Amino acid sequence: MSENEDIPVGEDGGQPHTQVGGVHRKVDAMERMRGVTRYTDDLKLPRMLHAKIKRSPHPHAKILSIDASAALAMPGVHAVITGKDLPEPYGIIPWTPDETALCVEKALHVGDGIACVAADDEDTANEALEKIVVEYEVLEPLFDPEQALEARDNPINPYSLKGNLSKKVLLEFGDVDATLEQSDLVVEADYFFEGTTHAAIEPHCALAHVEANGILTVWSATQVSHYLHRELAKVLGLPANRIRVIQPPLGGAFGGKSEPFDLEFCVAKLAVMTGRPVKLLYTREEVFYSHRGRHPMKMKYRTGFTKDGKITGVDAKTVLDGGAYSSFGLVTTYYSGQLLCAPYGFDAYRFHSKRAYTNKPACGPKRGHGSVQPRFAIECQIDKAAEVLGLDPIDMRLHNDIGADSETVNGFKVGSNGFSECLRRVRSSSVWDSKRKELPYGRGIGVAGSTYISGTNYPIYPNDMPQAAVQITLDRSGRARIFSGANDIGQGSNTMLAVIAGNELGLPLDDIRVLSADTDLCPVDLGAYSSRITLMVGNACVEAAQKLRRLVCEAVGKRWEIPRKRVTLAQGQAIDREDPERNVTLAEAFVWAESDNGLLAATGSYNTPKDRHGDYRGGTIGASPAYSFTAHVAEVEVDPMTGVVDVKTIWVAHDCGRALSRKIVEGQMEGSAYMGFAEAIMEQHVVDPGHNGVHPGPSLLDYRIPTFLDTPELEALIVESPDAQGPYGAKEAGEGPLHPSIPAIANAIYDAVGVRMDSLPFTPPRVLAGLQARAEQERTAESPPHKPDTNGARRIA
Amino acid sequence: MSGPSRSSAPDALLLRTSINGDAVQLAIEPHHTLLEVLRYQLDLIGSKQGCDKGDCGACTVQIDGKPALACLTLAAHAEGREVSTVEGLGDAHGGCHPLQDAFDRHDAAQCGFCTPGILLSAEALLRDRARPVSRQEVREALAGNLCRCTGYTKILDAVVDASEVMHGTDAPSARPTSKEEAAQ
Numbered sequence: 008m009s010e011n012e013d014i015p016v017g018e019d020g021g022q023p024h025t026q027v028g029g030v031h032r033k034v035d036a037m038e039r040m041r042g043v044t045r046y047t048d049d050l051k052l053p054r055m056l057h058a059k060i061k062r063s064p065h066p067h068a069k070i071l072s073i074d075a076s077a078a079l080a081m082p083g084v085h086a087v088i089t090g091k092d093l094p095e096p097y098g099i100i101p102w103t104p105d106e107t108a109l110c111v112e113k114a115l116h117v118g119d120g121i122a123c124v125a126a127d128d129e130d131t132a133n134e135a136l137e138k139i140v141v142e143y144e145v146l147e148p149l150f151d152p153e154q155a156l157e158a159r160d161n162p163i164n165p166y167s168l169k170g171n172l173s174k175k176v177l178l179e180f181g182d183v184d185a186t187l188e189q190s191d192l193v194v195e196a197d198y199f200f201e202g203t204t205h206a207a208i209e210p211h212c213a214l215a216h217v218e219a220n221g222i223l224t225v226w227s228a229t230q231v232s233h234y235l236h237r238e239l240a241k242v243l244g245l246p247a248n249r250i251r252v253i254q255p256p257l258g259g260a261f262g263g264k265s266e267p268f269d270l271e272f273c274v275a276k277l278a279v280m281t282g283r284p285v286k287l288l289y290t291r292e293e294v295f296y297s298h299r300g301r302h303p304m305k306m307k308y309r310t311g312f313t314k315d316g317k318i319t320g321v322d323a324k325t326v327l328d329g330g331a332y333s334s335f336g337l338v339t340t341y342y343s344g345q346l347l348c349a350p351y352g353f354d355a356y357r358f359h360s361k362r363a364y365t366n367k368p369a370c371g372p373k374r375g376h377g378s379v380q381p382r383f384a385i386e387c388q389i390d391k392a393a394e395v396l397g398l399d400p401i402d403m404r405l406h407n408d409i410g411a412d413s414e415t416v417n418g419f420k421v422g423s424n425g426f427s428e429c430l431r432r433v434r435s436s437s438v439w440d441s442k443r444k445e446l447p448y449g450r451g452i453g454v455a456g457s458t459y460i461s462g463t464n465y466p467i468y469p470n471d472m473p474q475a476a477v478q479i480t481l482d483r484s485g486r487a488r489i490f491s492g493a494n495d496i497g498q499g500s501n502t503m504l505a506v507i508a509g510n511e512l513g514l515p516l517d518d519i520r521v522l523s524a525d526t527d528l529c530p531v532d533l534g535a536y537s538s539r540i541t542l543m544v545g546n547a548c549v550e551a552a553q554k555l556r557r558l559v560c561e562a563v564g565k566r567w568e569i570p571r572k573r574v575t576l577a578q579g580q581a582i583d584r585e586d587p588e589r590n591v592t593l594a595e596a597f598v599w600a601e602s603d604n605g606l607l608a609a610t611g612s613y614n615t616p617k618d619r620h621g622d623y624r625g626g627t628i629g630a631s632p633a634y635s636f637t638a639h640v641a642e643v644e645v646d647p648m649t650g651v652v653d654v655k656t657i658w659v660a661h662d663c664g665r666a667l668s669r670k671i672v673e674g675q676m677e678g679s680a681y682m683g684f685a686e687a688i689m690e691q692h693v694v695d696p697g698h699n700g701v702h703p704g705p706s707l708l709d710y711r712i713p714t715f716l717d718t719p720e721l722e723a724l725i726v727e728s729p730d731a732q733g734p735y736g737a738k739e740a741g742e743g744p745l746h747p748s749i750p751a752i753a754n755a756i757y758d759a760v761g762v763r764m765d766s767l768p769f770t771p772p773r774v775l776a777g778l779q780a781r782a783e784q785e786r787t788a789e790s791p792p793h794k795p796d797t798n799g800a801r802r803i804a
Numbered sequence: 057m058s059g060p061s062r063s064s065a066p067d068a069l070l071l072r073t074s075i076n077g078d079a080v081q082l083a084i085e086p087h088h089t090l091l092e093v094l095r096y097q098l099d100l101i102g103s104k105q106g107c108d109k110g111d112c113g114a115c116t117v118q119i120d121g122k123p124a125l126a127c128l129t130l131a132a133h134a135e136g137r138e139v140s141t142v143e144g145l146g147d148a149h150g151g152c153h154p155l156q157d158a159f160d161r162h163d164a165a166q167c168g169f170c171t172p173g174i175l176l177s178a179e180a181l182l183r184d185r186a187r188p189v190s191r192q193e194v195r196e197a198l199a200g201n202l203c204r205c206t207g208y209t210k211i212l213d214a215v216v217d218a219s220e221v222m223h224g225t226d227a228p229s230a231r232p233t234s235k236e237e238a239a240q
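Chains D and Z supply the protein sequences, listed in that same order.
For the first sequence, the numbering used here begins at 8 and goes up steadily by one.
For the second sequence, the numbering used here begins at 57 and goes up steadily by one.
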């Protein structure tokens, strides 16, 4: 806790920052460490049934018939449902409802859900799945997005309006062709970003029960309880006020739990049918097939530069491999271009992005949604230009910083901007200048920058209501209760709310209860996505807490016969700012205020500014109230004999506006950098076309997420450039710091061994192939020797 | 699994074991894993299932003081042995083991799902070394426990800190966040 020796009294009428900016024990961490927190799979209800889903073994097949009679006849089996029981199409984006809870006509990827059984226990449910007979007509699968776009006679998704084209966006700002024509240097290259998945350690799980009063309650490991609530109402055909969604404590999400999944609809339907509670827990294999992870992207980039390293224009062509369903794909397709226009300013930009349906598990949002892939491309482009122009890559980025209070080429208003400070921090912490000169062949250092949104200016479904709301009540025991719809997915949003309320009301965090993500108890919040919670829900919480502070200070001032503004609240007390010896406990102060006002309750809400986006179709997508900025330096060692890349350290400087709780912010930065490192070096979420579209290793061992031993040292450097839009100036910290890891590592590999890694991941065979190609170029004098001053280095022949 | 599997009573075994110091006798299915028995028969939900096949370490418990994967261990194997789970970790420390306190101070648990398993692996390491441990020792000892949230940094900070609290060098201290800040 941040505790000062003297009681801080704050400015006249303002609050001292007794909590904001400190280090906190999270409000809900200790119970997790004692093993008593009840995650969804830890819930158990009387007479609870267990459900399992039968899944398609085919990547593309028409369902001719389903015979579940043998399964239904088994003792212990209570119900079987198929797609026909839940035929209403839905989609997280209201304009693209192209999936159903279970397949109705066709299975579109291996693992697509076909039927669901509720039974006394899982063994019985699994046995029953074996007895369901499904007759398929196998169709030709399409795994390559470009081939899928060509295959007009083989549309994959039955709800698609344009064959296998899921979404196309073409936007141009300024005259790109003329700008590139006039540029001193144009760098052209093709990049490939492989798909990756979230791999939260907690598998998806849902439990449903119809309460005696007829309310259908669904507990789910979701990060968007409000959207789940809406989609459940739509698909089940029930009014929303008959449904309650509760998100129990969550075991990680990273975007992988940000839309409804088959299991939630299935347990809800089966609970209605059987009258008994029904639970379904995914196996790890099912988690891989449910996916909604990072889109593979093929990116063709042309970037223009002046001689002194200023970016003039960018021309980007991108094909997104969307998998079988839209998911958030409409937004992803926009984000693949829209989020590229900072932190560097340039005057001409065109992007043309096409998302294709393929017969694979659907892609969706993963941490850094849609913008991690193009960020990889542009940061490698800049590194290539720096080399040609003989410029230092950090200097070049400083030179291109779009700055604070600026407007991007696509019309987004940038407020605070700490990007240059981020670059300076990683430069000094990594000892960049000397390492860049002195590291021998095989060792290298690279830099990259990025920006990200703090929530989106417009919600997923159009409405004029607030995007976030919080209700706080105070009671006579000296305690505050915060009701918030926000989903704490481990990122610490419950603690963030307690820190803000504690700061405004002078309460220690122990006296604050946060009740979150229960649609019966809490005001609506849109959920944990697009890094929106700190800024949006934080602002709503400030408003509610300040209303209550005013009432409390007023009541105390009245009794002490002093003006309200002379009363401050800190460390569990109300204090006379001019005579700090005069004080009273907050419990007493709350009693006075409740006596004067009745129940002490206040709401706060937040809506986004609507004047910070571009004035064109799509100009609102990607616009945010505030943008975070990040710079990474990565240091690597490349073994020229094996192609193994050992990432030693990543320095992560991130402008989060204001760190409300420092270690929690650092944890977000470290976790982000780790996840980017994993995508750079190790992870690939793919299916094998040679084996009927199955995932080659749908397990944590085969997919290989980094262990303690794999992960590099991560140095988190908090940069604070407060933004007028954020609570106390705070912006996001949970997604932005992922972006630069990947290009920083690519650029470091180039510095180490002179090999450009334009395709992910940087596996030993790919690096080795690059080393061989480089050796050949050096042999034919097409390229100069890389780091020729290093004596005795092992080099590939 | 999401709950107990079908009971076929004639095959049931009598398991006599000790769990967190308590003598336990119960009828189990011979094919049930220790994780199933802990979670669904004994309601010891602190041991988590992340993969059910020994990949993630979220189910790590201790058997006779050594870390073991409860999802790969038949419950019958616990016969006559001492099983420790996260629920008992603080028992000898007034309810809160120094590791739990250090994890709390360092915000080393984000979602917390991997944390019980990591605590059990870390406790075995600290007991074995009985001295302050290095970051590299912790990395090696915890390499079988996956965490997806933290990037492992805060966990390393917390385990090293706890070892110093328990074995004496210093008062609890946080590692500076960077070399740059340490130099200031």
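Each residue gets a CB set at the ideal place from its N, CA and C atoms; glycine is no exception.
This structure is a prediction, so every number in the text was calculated from the model and none was measured.
Contact set between Ile-119 of chain Z and chain D, taken where Cβ atoms lie within less than 8 Å: Going along chain D, no residue has its Cβ under 8 Å from Ile-119 of chain Z, so there is no contact; the nearest lies around 17 Å.
Assigned exposure category for Trp-658 of chain D - 16 Cβ within 10 Å defines buried: With 16 or more neighbouring CB atoms inside 10 Å of its own CB, Trp-658 of chain D falls in the buried class.
Cβ neighbour criterion (16 or more within 10 Å) applied to Glu-10 of chain D: Here Glu-10 of chain D scores only 38 on pLDDT, less than 50, and its place in the model should not be relied on; the value that follows carries that caveat. By the neighbour-count definition (other C-beta atoms within 10 Å, threshold 16), Glu-10 of chain D is an exposed residue.
Straight-line gap, Gln-118 of chain Z to Tyr-341 of chain D (C-alpha atoms, nearest Å): Cα to Cα, the separation comes out at about 50 Å.
For Ala-782 of chain D, three-class secondary structure by DSSP: Helix at Ala-782 of chain D.
Separation of Val-643 of chain D from Glu-445 of chain D, as counted between CA atoms: Spanning the two alpha carbons is a distance of roughly 14 Å.
Closer than 8 Å at the beta carbon, the chain Z residues around Thr-290 of chain D: Contacts between Thr-290 of chain D and chain Z, judged by CB atoms closer than 8 Å, involve Asp-108 in chain order.
Gln-498 of chain D to Gly-120 of chain D span [Cα, whole Å]: C-alpha separation (whole angstroms): 30 Å.
With 16 other Cβ atoms within 10 Å as the buried cut-off, status of Pro-152 of chain D: Sixteen is the threshold: when 16 or more other Cβ atoms of the shown chains lie within 10 Å of the Cβ of Pro-152 of chain D, as they do, the residue is buried.
CB contact below 7 Å: Gly-168 of chain Z versus chain D: With its beta carbon less than 7 Å from one in chain D, Gly-168 of chain Z belongs to the interface.
Near-chain Z residues of the region 48 to 81 of chain D (beta-carbon distance less than 8 Å), N- to C-terminal order: Within the region 48 to 81 of chain D, Asp-48, Asp-49, Lys-51, Met-55, His-57 place their CB atoms closer than 8 Å to a CB of chain Z, listed in sequence order.
Leu-198 of chain Z: contacting residues in chain D (beta-carbon distance under 7 Å): Phe-715, listed in chain order.
Every unbroken alpha helix (DSSP H) within the region 145 to 194 of chain D, with a cutoff of 4 residues, ordered by chain: List check, alpha helix (DSSP H) in window: 152 to 157, 183 to 189.
Under 9 Å by beta carbon: chain Z residues contacting Leu-6 of chain D: Chain D is shown from 8 up to 804; residue 6 of chain D falls before or after that span and cannot be answered.
Paired residues, beta bridge with Ala-79 of chain Z - DSSP: Per DSSP, Z:Ser-74.
Buried versus exposed call for Val-189 of chain Z [16 or more other C-beta atoms within 10 Å across all chains shown]: Counting Cβ neighbours within 10 Å, Val-189 of chain Z comes out buried, since at least 16 surround it.
Identity of the residues DSSP links to Asn-853 of chain D by a beta bridge: Lying outside 8 to 804, the shown extent of chain D, residue 853 of chain D is not represented and no answer is given.
Ile-75 of chain Z versus Asp-128 of chain D: straight-line alpha-carbon distance, rounded: The alpha-carbon separation between Ile-75 of chain Z and Asp-128 of chain D amounts to approximately 26 Å.
Contacting residues, own chain, Cβ-Cβ under 8 Å from Arg-137 of chain Z (five flanking each side not counted): Scanning its chain for C-beta atoms nearer than 8 Å, with the 5 sequence neighbours on each side dropped, one finds around Arg-137 of chain Z the residues Thr-73, Ser-74, Ile-119, Asp-120, in chain order.
Chain Z within 7 Å of Arg-39 of chain D, Cβ atoms only: Closer than 7 Å to some Cβ of chain Z, the Cβ of Arg-39 of chain D qualifies, so yes.
is_contact[Gln-192 of chain Z, chain D] using C-beta, thresh 7 Å: Contact of Gln-192 of chain Z with chain D is not assigned, every C-beta pair being separated by 7 Å or more.
Reduced DSSP category for Lys-324 of chain D - H, G, I as helix; E, B as strand; rest coil: Lys-324 of chain D: strand per DSSP, three-state reduction.
Which of helix, strand or coil DSSP assigns to Ser-728 of chain D: Of the three classes helix, strand and coil, the one that applies to Ser-728 of chain D here is coil, per DSSP.
Terminal residues of the alpha helix (DSSP H) in which Glu-550 of chain D lies: Counted as a single uninterrupted DSSP element, the alpha helix (DSSP H) harbouring Glu-550 of chain D occupies residues 545 to 567.
Beta carbon proximity, Lys-241 of chain D to chain Z, threshold 7 Å: By this cut-off, Lys-241 of chain D is not an interface position.
Classification of Glu-805 of chain D by the beta-carbon crowding that lies within 10 angstroms, buried from 16 upward: One cannot answer for residue 805 of chain D here, as it falls past the ends of chain D, which runs 8 to 804.
Cα-Cα separation, Tyr-208 of chain Z to Thr-186 of chain D: Roughly 46 Å between the two C-alpha positions.
Own chain, CB closer than 7 Å to Tyr-364 of chain D, minus 5 neighbours either side, in chain order: Ala-155, Ile-163, Asn-164, Ser-167, Asn-171, Ser-173, Gly-329, Ala-331, listed in sequence order.
Whole-angstrom distance between Val-762 of chain D and Arg-781 of chain D, CA atom to CA atom: Rounded to whole angstroms, Arg-781 of chain D to Val-762 of chain D spans 7 Å at the Cα level.
Cβ-Cβ separation, Asp-709 of chain D to Gln-105 of chain Z (assumed contact under 8 Å), whole Å: Rounded, the Cβ-Cβ distance is 18 Å, inconsistent with contact.
Selected residue, minimal CA-CA separation from Asn-699 of chain D, among D:Pro-372, D:Lys-367, D:Ser-461: Of D:Pro-372, D:Lys-367, D:Ser-461, the residue nearest in Cα terms is D:Lys-367.
Local Cβ density within 10 Å of Arg-41 of chain D, reported as buried at 16 or more and exposed below that: With 16 or more other Cβ atoms within 10 Å, it is buried.
Lys-588 of chain D, buried or exposed, once every other Cβ within 10 Å from all chains shown has been counted against 16: Looking at the sequence provided, one finds Glu at residue 588 of chain D rather than Lys. So Glu-588 of chain D ends up on the exposed side.
Backbone CA spacing between Ile-712 of chain D and Phe-199 of chain D [nearest angstrom]: Straight-line spacing of the CA atoms in Ile-712 of chain D and Phe-199 of chain D works out to 20 Å.
Simplified DSSP state of Arg-231 of chain Z, which is helix, strand or coil: Confidence at Arg-231 of chain Z is low in this model, with a pLDDT of 45, below 50, so its placement is unreliable and the value that follows should be read with caution. Three-state DSSP puts Arg-231 of chain Z in coil, outside helix and strand.
Closer than 7 Å to chain Z by CB, Lys-138 of chain D: No - not a single Cβ of chain Z is within 7 Å of the one on Lys-138 of chain D.
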